[in-house]
Structures are given as C-alpha cells and as structure tokens.
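Encoded as structure tokens, the structure appears first; notes follow it.
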Amino acid sequence: MENPFQKMINDIFSVEDFLEDCFIEGQHYKCITSPIVDNVTFSEVGVESEENFTLDLKLPISHKLKKNDRVKFRDENYKINFIETDSSNTSIKIHIVSLSKGV
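Position one of the sequence shown corresponds to residue 18 (this note's numbering), numbered consecutively onward.
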C-alpha cells in the first residue's frame with residue numbers, strides 16, 4: 018500500500034504538464050525542475066553568472082547516478098553536483114552545476 022508521500026509523487030509524475038525531458042549520461046528521463054536561479058559569483062577571472070537548479074526524478078531509475086555525471090537539459094550541458102534521495106525512497110533530487118564548476 019502506498020503511503021501519502023508515494024501517492025503524491027505518483028500523482029505529480031503522472032501529469033505530463035509538470036514533466037520535462039533530461040538526459041543523464043545519454044539516458045532519457047522525465048524530470049521536474051525547480052525554478053532556475055541566476056547567481057553571480059566572483060572568481061579569479063572576475064564576475065561569473067551561473068545557474069542554480071535541481072531536477073527531480075521518480076524512482077526507480079535505470080542506472081545509478083553519481084557526482085559529475087553529464088546532464089543535458091533544455092539543450093544545455095551540465096553535470097551533477099550532488100544527489101539527494103527523499104525519505105520515502107520514491108524520488109531523487111539532483112543538484113546541477115555548469116560543466117566548468119568543481120572537479
């Protein structure tokens with residue numbers, strides 16, 4: 018039997034209007050994006066603009082995701098910075114950064 022959180026995730030991911038396409042290491046997924054925020058950071062080369070957002074995926078997924086996996090979303094390329102799994106193990110939230118950030 019589904020708990021309320023599982024039911025909510027299933028309901029949300031069944032509404033096509035909420036979903037977008039993303040590709041992680043070439044594998045297609047349906048995802049839900051958080052609002053995309055433009056941040057300004059200061060670095061050795063000056064002021065840089067960077068996007069900050071997350072993608073939610075419904076579990077189970079076809080392969081194990083990991084930090085630095087390549088993500089294509091809205092025709093732009095990113096990489097995974099870190100991954101969170103919800104407490105009921107029904108979805109994951111992947112935090113996205115530009116390819117040039119981090120190691």
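Glycine is no exception: its CB is placed at the ideal position from the N, C-alpha and C atoms.
These numbers come from a predicted model, not from an experiment.
Check: With DSSP collapsed to three states, give me the class of Asp38.; Outcome: strand
Check: Hey, could you find the ends of the beta strand (DSSP E) Asn85 is sitting in?; Outcome: Neither: Asn85 is in no beta strand (DSSP E) and is coded neither H nor E.
Check: Report the three-state DSSP secondary structure of Ile29 (helix, strand or coil).; Outcome: helix
Check: With a threshold of 16 other CB atoms inside 10 Å of the CB of Val32, please say whether the residue is buried or exposed.; Outcome: exposed
Check: With distances taken Cα to Cα, identify the nearest neighbour of Thr71 among Gly43, Val88, Met18 and His80.; Outcome: Val88
Check: Going by DSSP, what residues sit across from Leu76 in a beta bridge?; Outcome: In the DSSP output, where bridge partners are listed per residue, Leu76 has none listed.
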